[in-house]
Structure formats: C-alpha cells, structure tokens
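Contents: one structure, followed by commentary.
In our numbering, the protein residues as written are 1158 to 1229.
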C-alpha cells in the first residue's frame, strides 16, 4: 500500500503528512485530485442521464426497484 501512496504523492494526487507516530499517516487529496474527482462525478452524472433518457418512466421505476433489490 505504501508504494501506491508514494507514487500518488510523486504524481501530485495526494499530500502525505507523517506525525510523531510513523504508524499514522494523514493523507489529503491535492487540488489536482479534487478537480479530477469533480470531473469524474460530472461525467458520470451526464452518462447516467443519457442512459436513463432511453427508458420510459415505467422502465426507470422497474430498474430502480431491481437495483434496490440487488443492494439488499
């Protein structure tokens, strides 16, 4: 895991902060990562809306019910 975090820090995705106890590592997303996260969320929302627009209201309700059943 530390190798992945090191590479993410080197690439500018996260900031690592080690306190007195080296077993504890505080990690924060950088502005670069937050921007990318926001873009992914927006793109996903747009894609979901595009896909849902192909279904009738009845089909959407059925899909929602089926997804809720899968989550149980």
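All residues carry an ideal CB built from backbone N, CA and C; glycine is no exception. No experiment lies behind these values; they were computed from the predicted model shown.
**Asked** Within this structure, are the beta carbons of residue 1189 and residue 1170 separated by less than 8 Å?
**Response** yes
**Reduced DSSP secondary structure (H/G/I, E/B, other) of residue 1175** = strand
**Request:** Take residue 1184 as the anchor and find which of 1207, 1217, 1162 and 1214 has the nearest alpha-carbon.
**Result:** 1162
**Item:** Best match in 1177, 1178 and 1182 for proximity to residue 1158 [C-alpha to C-alpha]
**Value:** Selected option, being the one with the closest Cα: 1182.
**Message:** For residue 1222 and residue 1180, I'd like the C-alpha separation in whole angstroms.
**Reply:** Cα-Cα distance, rounded: 44 Å.
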